[in-house]
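Structure record follows, encoded as structure tokens.
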């Protein structure tokens with residue numbers, strides 16, 4: 088009989104390479120593992136085409152009148168250069184917006200700046216403050232829609248003194264604004280007071296500048312080709328949310344962004360399931376779709392991909408969601424994607440109870456090893472079974488640091504993602520490397536990676552928005568309207 092130690096021994100780990108990012112559509116050498124360093128050295132991915140689309144990014148503003156000049160000063164801050172004052176091993180010097188993105192950042196004409204009163208009780212209309220704030224947002228975007236050719240992105244400032252109205256049990260001003268922006272096709276950037284007082288100017292500039300560039304339809308970077316990933320692979324992220332009367336709730340799923348294999352093409356479909364929820368408690372714990380609903384949502388997603396790819400089908404489709412795939416869901420997937428040669432259904436769970444410690448050689452013979460000063464390397468992978476693996480997307484990333492080590496956040500022992508394949512075949516290292524790469528495709532911050540792949544993160548955000556805004560039309564939207 089085997090000893091207990093052998094029965095519990097895990098297989099050897101694999102260390103996946105840090106995925107490269109591409110910063111040019113025409114020059115394959117313009118790549119880097121570090122998103123900010125790559126932007127600084129090569130410029131954005133869309134630099135060759137963006138300036139022909141618009142010579143400058145024009146910023147409109149909405150917010151309390153007393154902070155009008157503060158909003159202007161923030162835009163001037165983005166045009167200046169700033170040295171990093173935090174995370175100096177990771178954050179490079181910010182060179183100024185125009186030098187970084189090869190396009191100017193300018194204020195929109197006066198007609199595209201809307202000044203609200205300074206106090207909530209001064210907003211026009213009747214009823215609760217949340218309702219009057221919603222009316223103010225709707226009126227502002229309606230006015231801006233009349234001068235839509237004069238701006239590209241709108242800064243909307245919610246002061247901290249309005250917090251009692253911006254968030255509530257049945258209202259979220261951020262989500263309501265994004266839904267209004269989608270209705271008018273107006274990208275928005277929400278600000279709070281911290282943006283005016285944040286002391287680390289370089290970090291603030293990197294984050295806000297990149298977000299504004301993306302919302303103006305720019306592409307900062309894409310994924311460089313991953314070794315072993317078949318050509319014409321696409322990714323889908325699914326997230327579910329309940330809305331409406333809880334006695335007759337329906338799922339809402341964001342089948343977001345049929346992502347191309349380079350992580351681009353971020354559009355999403357909002358789909359209302361037709362089969363009612365029988366057990367609301369179970370649905371909140373482990374939501375799933377019926378076979379018919381899964382077939383319908385995947386068919387719409389496939390149409391979205393084909394519309395961007397001259398009618399061609401992908402050769403391989405990878406579907407991510409955070410909960411297990413039910414048998415009916417898998418059947419619906421294969422019904423809708425019958426023309427796709429390879430299909431993978433991957434459960435991506437961030438609630439793993441596993442932890443890992445990186446051991447290095449000790450100066451003593453007993454014990455021969457000791458814990459390192461940093462966590463396990465990012466990209467560490469451990470196979471658990473023939474269809475599941477652990478992969479650490481959070482961890483030490485020395486390739487992006489100026490001093491040899493970098494642990495994003497610098498807090499706690501990171502937990503791995505648990506990947507479980509419910510359909511498909513091939514090496515688990517491939518789906519793990521794809522998940523690792525997709526953590527680098529969130530353009531809404533300056534971080535090296537997000538804790539989950541962008542296919543999961545974006546679909547979760549969109550599901551939350553749609554659940555909070557029941558009247559959002561069921562159209563196809565670019566994700567930049569919801570960032």
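In our numbering, the protein residues as written are 88 to 570. Note that beta-carbon positions come from the ideal geometry of N, C-alpha and C, so glycine has one too. Remember, predicted model here, so these are calculated numbers, not experimental data.
Coil, strand or helix - residue i by DSSP
i           : result
residue 110 : coil
residue 333 : Model confidence at residue 333 stands at a pLDDT of 47, short of 50, so the residue's coordinates are unreliable; what they give is reported in the following sentence. Looking at residue 333 - three-state DSSP - the assignment turns out to be helix.
residue 528 : coil
residue 257 : coil
residue 88  : For residue 88, the predicted model reports a pLDDT of 49, less than 50, meaning its position is unreliable and no value from the coordinates is stated.
residue 166 : helix
residue 378 : helix
residue 553 : helix
residue 398 : coil
residue 104 : coil
residue 407 : strand
residue 473 : coil
residue 569 : helix
residue 392 : helix
residue 577 : Coverage of the chain is limited to positions 88 through 570, which leaves residue 577 absent and any answer about it impossible.
residue 486 : helix
residue 118 : strand
residue 541 : helix
residue 324 : strand
residue 345 : strand
residue 384 : helix
Own chain residues within Cβ distance below 8 Å of residue i, not counting five before or after
i           : result
residue 220 : 207, 210, 249, 252, 253 and 260
residue 185 : 166, 191 and 192
residue 496 : 481
residue 456 : 446, 447, 448 and 449
residue 295 : 161, 165, 276 and 282
residue 125 : 108, 110, 117, 118, 119 and 308
residue 262 : 551, 552, 555 and 556
residue 301 : 307, 530, 531, 567 and 570
Span of the alpha helix (DSSP H) around residue i
i           : result
residue 150 : No alpha helix (DSSP H) holds residue 150; the beta strand (DSSP E) holding it covers 143–151.
residue 134 : 134–140
residue 420 : 414–423
residue 246 : That residue, residue 246, is in no alpha helix (DSSP H); it is neither H nor E in DSSP.
residue 124 : 122–129
First and last residue of the uninterrupted beta strand (DSSP E) at residue i
i           : result
residue 565 : 563–565
residue 402 : Element bounds for residue 402: n/a, residue is neither H nor E.
residue 354 : 354–359
residue 535 : Residue 535 -> no beta strand (DSSP E), and no H or E assigned at all.
residue 504 : 504–510
residue 446 : 446–448
residue 429 : 429–436
residue 458 : 456–458
Close beta carbons around residue i, own chain, < 7 Å, minus the five adjacent residues each side
i           : result
residue 271 : 228 and 232
residue 280 : 246 and 247
residue 88  : In this prediction, residue 88 scores a pLDDT of 49, lower than 50, which makes its location untrustworthy; the coordinate-derived value is nonetheless stated afterwards. Here the set comprises nothing.
residue 321 : 345, 346, 347, 348, 392, 401 and 404
residue 519 : 103, 468, 476, 478 and 506
residue 502 : 439, 441 and 442
residue 531 : 298 and 570
residue 534 : 495
Contact set for residue i: own chain, Cβ-Cβ below 6 Å, skip 5 residues either direction
i           : result
residue 151 : 203, 205 and 246
residue 222 : 212
residue 121 : 487
residue 291 : 285
residue 47  : This structure does not reach residue 47, given that the chain is present from 88 up to 570, and the question cannot be answered.
residue 100 : 467 and 469
residue 500 : 442
residue 142 : none
residue 431 : 405 and 511
Quick one: which unbroken alpha helix (DSSP H) runs of 4-plus residues sit fully inside the region 259–321? Chain order, please.
-> 260–271, 281–284 and 288–302
Between the region 440–454 and the region 401–410, do at least 3 Cβ pairs fall closer than 8 Å?
-> no
Continuous alpha helix (DSSP H) assignments of at least 4 residues falling wholly in the region 185–239 | 216–232
Is there contact between the region 508–515 and the region 450–460, where contact requires at least three CB pairs shorter than 8 Å?
-> Result no; under three Cβ-Cβ pairs closer than 8 Å.
Three or more beta-carbon pairs under 8 Å between the region 129–141 and the region 108–117, yes or no?
-> yes
Taking 8 Å as the threshold, find out whether the region 411–425 comes into contact with the region 385–400 through three or more Cβ pairs.
-> yes
Is the region 284–293 in contact with the region 167–177, if contact means three or more CB pairs nearer than 8 Å?
-> Because the criterion of three Cβ pairs below 8 Å is met, the region 284–293 and the region 167–177 touch.
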